[in-house]
Amino acid sequence: MQNLTKKKVGYVALIGRPNSGKSTFINTLLDEKVSIISARPQTTQKVIKWIYNDENSQIIFFDTPGINENKEGFYEILRENVLSSLKNAEVIVRFIDSSRQYWAEEQEIEEILQNVSAPIIEVYSKVDLVKSPKTDKLNISSQDKTWYSELITQIKNFLKEDFPYYDDDYYTDQDIYTRITEIIREKIFTDFKEEVPYSVYLEVGEIEETPNLLKVQVYLYTETDSQKKIIIWKGAENLTKIGTESRLELQKILGKKIFLSLRVKVMPKWKRNKKLLNKLYN
Ligand SMILES: Nc1nc2c(ncn2[C@@H]2O[C@H](COP(=O)(O)OP(=O)(O)OP(=O)(O)O)[C@@H](O)[C@H]2O)c(=O)[nH]1
Ligand SMILES: [Mg+2]
């Protein structure tokens with residue numbers, strides 16, 4: 000339902016090096032699986048908008064792909080998307096991973112943030128992994144949501160009073176098909192090593208939907224034939240595992256029975272195909 004009282008409302012971009020806990024923060028705060036996460040860097044590859052509501056605020060967050068030093072092809076597009084989120088944000092929350100050493104990626108982020116006019120809040124994530132956290136910093140941890148309340152308060156201080164932009168029950172701009180491909184991608188990130196997860200892009204094919212059942216064909220494109228073989232594996236062992244895990248999770252999220260059919264194909268050099276990259280990531 001549309002809320003007709005004014006609240007603190009606005010756009011907030013999360014930025015940080017890959018694997019710093021941006022998507023985990025979002026999922027934990029929202030109590031929903033919105034953004035996919037994994038222990039590997041560069042899990043998020045699209046800016047995803049999601050909406051947090053409480054009694055006196057509506058905060059629209061942009062979960063962005065982690066920034067690294069690579070600026071070519073595929074990474075250039077990710078980077079451009081992050082920069083445009085920063086432009087559209089009224090507040091920026093910079094994630095600094097307290098469990099890892101400061102790294103060149105942080106330097107990159109500092110350079111980017113020098114050209115941004117919005118206020119920046121710095122948070123030190125994963126504080127549960129640190130023996131003696133810095134007490135003069137804003138620390139957070141996904142292990143305990145009470146760590147988030149100070150951050151939310153600080154964000155609200157920068158936002159203006161306005162009528163909420165979205166209905167209370169609208170919490171993400173991802174359509175159902177993006178959610179399907181994102182969940183499958185998460186399983187690929189969790190299950191495979193090396194370059195395999197980064198070599199795959201997904202596309203939804205044929206769809207058939209009834210009130211109780213959703214039948215979806217998803218194509219998984221790899222760069223090489225050997226990656227295709229790894230994804231499928233003997234007796235389709237790996238592919239079946241990805242399919243089953245994804246199906247079970249999607250059924251929970253979407254609240255209906257899902258019939259998921261996965262097919263793997265090879266698309267050489269897709270990561271250098273500008274036209275395709277623009278279609279996938281813009
Ligand atoms: N112990 C602990 N682990 C965390 C915390 N937050 C995130 N993690 C873990 O850190 C890893 C990376 O988390 P993500 O949320 O995917 O990180 P991200 O910043 O979104 O990463 P990219 O999408 O690659 O930019 C995952 O294995 C999470 O489970 C935290 O507060 N405490
Ligand atoms: Mg992420």
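Every letter in the sequence shown is one number past the one before it in numbering that gives the first Met the number 0, and letter 56, counting from 1, is 55.
Just so it is clear, CB atoms sit at the ideal spot from N, CA and C, and this is done for glycine as well.
Cβ-based neighbour list, residue i, same chain, cut-off 8 Å, excluding 5 preceding and 5 following
{"i": "N67", "result": "R16, P17, P40, Q41, Y74, E104 and E107"}
{"i": "L3", "result": "F162"}
{"i": "N277", "result": "I76"}
For residue i, the three-state DSSP class (helix, strand or coil)
{"i": "D53", "result": "strand"}
{"i": "I14", "result": "strand"}
{"i": "T27", "result": "helix"}
{"i": "V90", "result": "strand"}
{"i": "K6", "result": "strand"}
{"i": "I36", "result": "coil"}
{"i": "Y123", "result": "strand"}
{"i": "I66", "result": "coil"}
{"i": "K268", "result": "coil"}
{"i": "I139", "result": "coil"}
{"i": "Y45", "result": "Note that residue 45 is Lys in the sequence shown here, rather than Tyr. K45: coil per DSSP, three-state reduction."}
{"i": "T134", "result": "coil"}
Span of the alpha helix (DSSP H) around residue i
{"i": "F73", "result": "F73 to N87"}
{"i": "E185", "result": "I175 to D190"}
{"i": "L259", "result": "Here L259 belongs to no alpha helix (DSSP H); instead the beta strand (DSSP E) covers K256 to V265."}
{"i": "E244", "result": "E236 to L253"}
{"i": "D224", "result": "D224 to I231"}
{"i": "K278", "result": "K273 to Y280"}
{"i": "Q106", "result": "A103 to Q113"}
Where residue i falls, given that 16 or more other Cβ within 10 Å makes a residue buried
{"i": "A38", "result": "exposed"}
{"i": "Y164", "result": "exposed"}
{"i": "P210", "result": "exposed"}
{"i": "P267", "result": "exposed"}
{"i": "N237", "result": "buried"}
{"i": "F258", "result": "exposed"}
{"i": "D143", "result": "exposed"}
{"i": "N114", "result": "exposed"}
{"i": "I47", "result": "buried"}
Heavy atom of ligand 1 within 8 Å of residue i beta-carbon
{"i": "T23", "result": "yes"}
{"i": "L125", "result": "Checking the sequence, you will find Lys at residue 125 rather than Leu. K125 Cβ: within cutoff of ligand 1."}
{"i": "I139", "result": "yes"}
{"i": "N80", "result": "no"}
{"i": "G242", "result": "no"}
{"i": "S148", "result": "no"}
{"i": "P118", "result": "no"}
{"i": "S210", "result": "Note on residue identity: the sequence assigns Pro, not Ser, to residue 210. Not so, every heavy atom of ligand 1 lies at least 8 Å from the Cβ."}
{"i": "P267", "result": "no"}
{"i": "Q142", "result": "yes"}
Range covered by the beta strand (DSSP E) that runs through residue i
{"i": "T221", "result": "L212 to T221"}
{"i": "E207", "result": "Y200 to E208"}
{"i": "E160", "result": "K159 to D161"}
beta-carbon residue i near ligand 2 non-hydrogen atom, thresh 8 Å
{"i": "S34", "result": "yes"}
{"i": "P196", "result": "no"}
{"i": "D62", "result": "yes"}
{"i": "T42", "result": "yes"}
6 Å Cβ shell around residue i - same chain, five flanking residues per side excluded
{"i": "K186", "result": "I241, E244 and S245"}
{"i": "D224", "result": "V265"}
{"i": "E160", "result": "K5"}
{"i": "S198", "result": "T221, E222 and Q226"}
Closer than 8 Å: residue i CB and nearest ligand 4 heavy atom
{"i": "F94", "result": "Of the ligands one can find in the structure shown, namely ligand 1 and ligand 2, none is ligand 4."}
Cβ-based neighbour list, residue i, same chain, cut-off 7 Å, excluding 5 preceding and 5 following
{"i": "R183", "result": "Note that residue 183 corresponds to Ile in the displayed sequence, not to Arg. So the qualifying residues of the chain are L201, V217, I241 and S245."}
{"i": "K155", "result": "K7 and S56"}
{"i": "K255", "result": "N211, L212 and L213"}
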